[in-house]
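Here's the structure, in structure tokens; my notes come after.
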Amino acid sequence: MTLFWERGYEGTSFDDLINAMGISPSTFYNSFGNKEALYKEATDFYLTESSEWFLAALADAPDAKTAFMHLIEATAAQFTRDDLPAGCMISLAGTHLSPAHGSVRSMMSAHRASSESALVARLRQGVAAGDVAQDTDIEALGAYFSALFRGMAVQARDGASRERVLAIGHLGMRAWPEPTKPVDA
Numbered sequence: 001m002t003l004f005w006e007r008g009y010e011g012t013s014f015d016d017l018i019n020a021m022g023i024s025p026s027t028f029y030n031s032f033g034n035k036e037a038l039y040k041e042a043t044d045f046y047l048t049e050s051s052e053w054f055l056a057a058l059a060d061a062p063d064a065k066t067a068f069m070h071l072i073e074a075t076a077a078q079f080t081r082d083d084l085p086a087g088c089m090i091s092l093a094g095t096h097l098s099p100a101h102g103s104v105r106s107m108m109s110a111h112r113a114s115s116e117s118a119l120v121a122r123l124r125q126g127v128a129a130g131d132v133a134q135d136t137d138i139e140a141l142g143a144y145f146s147a148l149f150r151g152m153a154v155q156a157r158d159g160a161s162r163e164r165v166l167a168i169g170h171l172g173m174r175a176w177p178e179p180t181k182p183v184d185a
């Protein structure tokens, strides 16, 4: 997972993989089938691990705005960890692959769409609870925050500090829609 995260799909060679795992080519093929199958396993493992903090941040808050603030804080912390590559394995993965790897590109696009759907679902929950204005374009707001988180990932990958990544997230929260005020009769 770490090799793919650091180098991307095409940037990680078969030799890199077998050397990192300390296995023979035949063991690799018997265990994983091919590089794409291993990449799928690696991204699935990454998603399992990251879903814990991502979904917890969205769920463990009394209102949608607080949930998104918690997610920004968790994102800044996770994307700047010292024990893992910086940024997000999914954010930019597969966006510049050759046509021969269209299935990998599609898989990564689907992963990004899934996380955006989770953001939209939390916004929908906020509308239903009354803490997000009824007239909010939640699809656009979900896409906005998805793009913000991807940008935070790029900043972290480029070496931005946790404080800087967090500041970017906090600035992004200024786009949060103001609650609809009741009209006095």
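For the record, in the sequence shown the residue sitting at position 132 is 132 according to the UniProt record's numbering, with numbers rising by one throughout. Where is the CB? At the ideal position from N, CA and C, for every residue including glycine.
Contact between L58 and A118 holds, since their C-beta atoms are separated by about 6 Å, short of 8 Å. A42 has its alpha-carbon roughly 15 Å from the corresponding atom of R112. Within the same chain, M1 come within 6 Å of F45 by CB-CB distance, once the 5 residues on both sides are set aside. Put simply, of L71, Q134 and V104 the residue whose alpha carbon is nearest the alpha carbon of F145 is L71.
A Cβ-Cβ separation of about 38 Å leaves G11 out of contact with A64 under the 8 Å criterion. A distance below 8 Å between beta-carbons, with the five flanking residues on each side excluded, links E73 to the following residues of its chain, in chain order: A57, L166 and G169. Distances from the CA of I138 to each of A175, R7, A61 and S91 were compared; the closest alpha carbon is that of A175. For Q78, the uninterrupted alpha helix (DSSP H) run begins and ends at A64 to F79, by DSSP.
Note that the segment 14 to 23 does not touch the segment 76 to 87; fewer than 3 beta-carbon pairs, one per stretch, sit closer than 8 Å. Cβ contact annotation for F32 (same chain, cutoff 8 Å, sequence separation greater than five): L38 and E41, in chain order. Burial check for M108: the Cβ neighbour count within 10 Å reaches 16 or more, so the residue is buried. The alpha-carbon of G94 is positioned some 19 Å away from that of A143. Per DSSP, reduced to three states, the secondary structure at S115 is helical. DSSP places P25 in the helix class (H, G or I) of the three-state scheme. By the C-beta density criterion, M152 is buried, having at least 16 other C-beta atoms within 10 angstroms.
Burial check for G87: the Cβ neighbour count within 10 Å reaches 16 or more, so the residue is buried. Considering only D60, R7 and K35, the residue with the shortest C-alpha distance to L92 is R7. Secondary structure note for W53: its alpha helix (DSSP H) is the uninterrupted segment K35 to A59. Under the three-state reduction of DSSP output, E178 falls in the coil class, being neither helix nor strand.
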